[in-house]
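Order-wise, the sequence lines are chains F and P.
Residue numbers for the first sequence follow our numbering, beginning at 1 and rising by one.
Residue numbers for the second sequence follow our numbering, beginning at 1001 and rising by one.
Some notes on the structure that comes next.
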Amino acid sequence: MSAGKIDPMEQFKVEPVLGRHLDLFGYDVSFTNSALFMVVVFVLLAVFMAGGLKRQLVPGRWQVAAEDAVSFIDNMVSVNIGSGGKKFAPYIFSLFFFILFANLVGVLPLAILPGLHTFAVTSHITVTAVLAFLSFGIVLAVGFATHGLKFFSLFVPHGAPAWLMPVIIPVEFVSFMVRPFSLGLRLFVAMTAGHILLEVFGSFVVQGLNAGGALGPVVSLLSFVMIVGVSALELLVCAIQAYVFALLTSLYLHDAVHLH
Amino acid sequence: MDHTSAMYIGAGLAAIGVGLAALGVGNVFGSFLEGALRNPGAADGQQGRLFIGFAASELLGLIAFVVAILILFVVK
């Protein structure tokens, strides 16, 4: 098997679109493929919502889909944040649908048309960490604005005996501070792992066909079947990871608004 | 043992942790299904907690995957 080594990490390379670099005061602000696909996600989401804003009394299918999307988020926010949660619905809506569309656009197999590789925006820790710290920042801002210094009572659970406090408070504090990292890491690794898996099976297909012989095409066929199966699983993982990100953000907001 | 072999063996060992997380995730969904088959009416209300449990157990498996990736691609 003398085929060239295929690097599964090469698909995550962020590079300027069409090779045009842009420099501003020494900072590289070129329009990268990552930025391009964020614009694509935004346009798709805007088109989806704009198409559903017809306000017919008896809604057509597109309007029903847009209304379902909004009521899904409204339901999640009202169940998980409770009273005083409705004002967070726009943020949770944007968060959930940006992550969902970004995940799905990244999995689209458009590369059948040569050169049209989609880029998974959320497969970079830079993007997911910003989203996670944005959520965490909103939690902190809401918590301190609503409760002031009493927000620190979040680390002291009700009904715990006083002698356990020196143990519980550091543990609770650490598990609170880990939240933004775990939120960003979960989405990032789920997407990266899925894409690496797809790339590895893709490389098996190519190397099997190159090797020829008796077993080459068999390996290619089996790997292709695995690609189809893993892509189906990836669709599920995209949706679940977007839902989990929004759900956990809602739960952290519940903690901030209600303090247990 | 030279550096490269130790790296690859370490990455392989870290990937065992991902398999252990698979046990954990299967446990979460299995317990949910068991309870849901006994009391189907209460199942839909608990779906939120199902996904929270899934997220928590999957995160630990993903951390093991990150350790393997760090060893393979970040360690010189």
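We treat Cβ as the ideally placed atom computed from N, Cα and C, and that holds for glycine.
query: Give me the subset of the region 1017 to 1045 of chain P whose CB atoms are less than 8 Å from a CB atom of chain F, sorted by chain position.; result: none
query: Expressed to the nearest angstrom, what Euclidean distance is found between the alpha-carbon atoms of F:A132 and P:A1055?; result: 15 Å
query: Is the beta carbon of F:L247 sitting closer than 9 Å to the one on F:N75?; result: no
query: Please name the residues in the region 172 to 186 of chain F whose beta-carbon is closer than 8 Å to at least one beta-carbon of chain P, in chain order.; result: S182, L185 and R186
query: So is F:Y27 in contact with chain P if we call contact Cβ pairs under 9 Å?; result: no
query: Measuring straight from C-alpha to C-alpha, what distance separates F:L140 and P:G1061?; result: 28 Å
query: Alpha helix (DSSP H) containing F:Q241: first to last residue?; result: G216 to H258
query: When you compare the CB positions of F:V70 and F:F93, do they come within less than 9 Å of one another, or not?; result: yes
query: Under a CB-based cut-off of 9 Å, is F:T126 close to chain P?; result: no
query: Considering Cα atoms alone, identify which of F:G137, F:A102, F:F72 and F:V105 is closest to F:P90.; result: F:F72
query: Exposed or buried, which one is F:H195 when buried takes at least 16 other CB atoms within 10 Å?; result: buried
query: Check the Cβ of P:L1062 against every Cβ in chain F and list those closer than 8 Å, keeping chain order.; result: L185, R186, V189, A190 and A193
query: Using the C-alpha atoms, what's the distance from F:R186 back to P:V1018?; result: 13 Å
query: Report all residues from its chain with a CB closer than 7 Å to the CB of F:A190; omit the five preceding and five following residues, and keep chain order.; result: V237 and Q241
query: At a Cβ cut of 8 Å, what residues of the region 1002 to 1013 of chain P count as close to chain F, listed as they run along the chain?; result: none
query: Measure the CB-CB distance between P:A1042 and P:G1048 and report whether it falls below 9 Å.; result: no
query: Taking the alpha-carbon of F:K5 as reference, which of F:N210, F:H158, F:P109 and F:K13 has the nearest alpha-carbon?; result: F:N210
query: Under the DSSP definition of a beta bridge, which residues are partnered with F:D23?; result: F:D28
query: Using a Cβ-Cβ cut-off of 7 Å (strictly less than) and excluding sequence neighbours within five positions of F:V17, which residues of its own chain qualify?; result: F31, T32, N33 and L36
query: Taking the alpha carbon of F:A232 as the reference point, which residue from F:V29, F:L45 and F:V107 has its own alpha carbon closest?; result: F:V107
query: Contact between the region 119 to 136 of chain F and the region 99 to 106 of chain F is defined here as three or more beta-carbon pairs at a separation below 8 Å; is this criterion met?; result: yes
query: Alpha carbon to alpha carbon, how far is F:M177 from P:F1051? Give it in angstroms, no decimals.; result: 21 Å
query: Strictly below 8 Å CB to CB, what residues from chain P border F:N80?; result: G1048
query: Going by DSSP in three states, F:P8 sits in which element: helix, strand or coil?; result: coil
query: Give the straight-line distance between the Cα atoms of F:L154 and F:Y252, rounded to the nearest whole angstrom.; result: 11 Å
query: Step through the CB atoms of chain F and report whether any lies within less than 9 Å of the CB of P:E1058.; result: yes
query: Measure the C-alpha to C-alpha separation of F:G19 and P:S1031 and round it to an integer number of angstroms.; result: 52 Å
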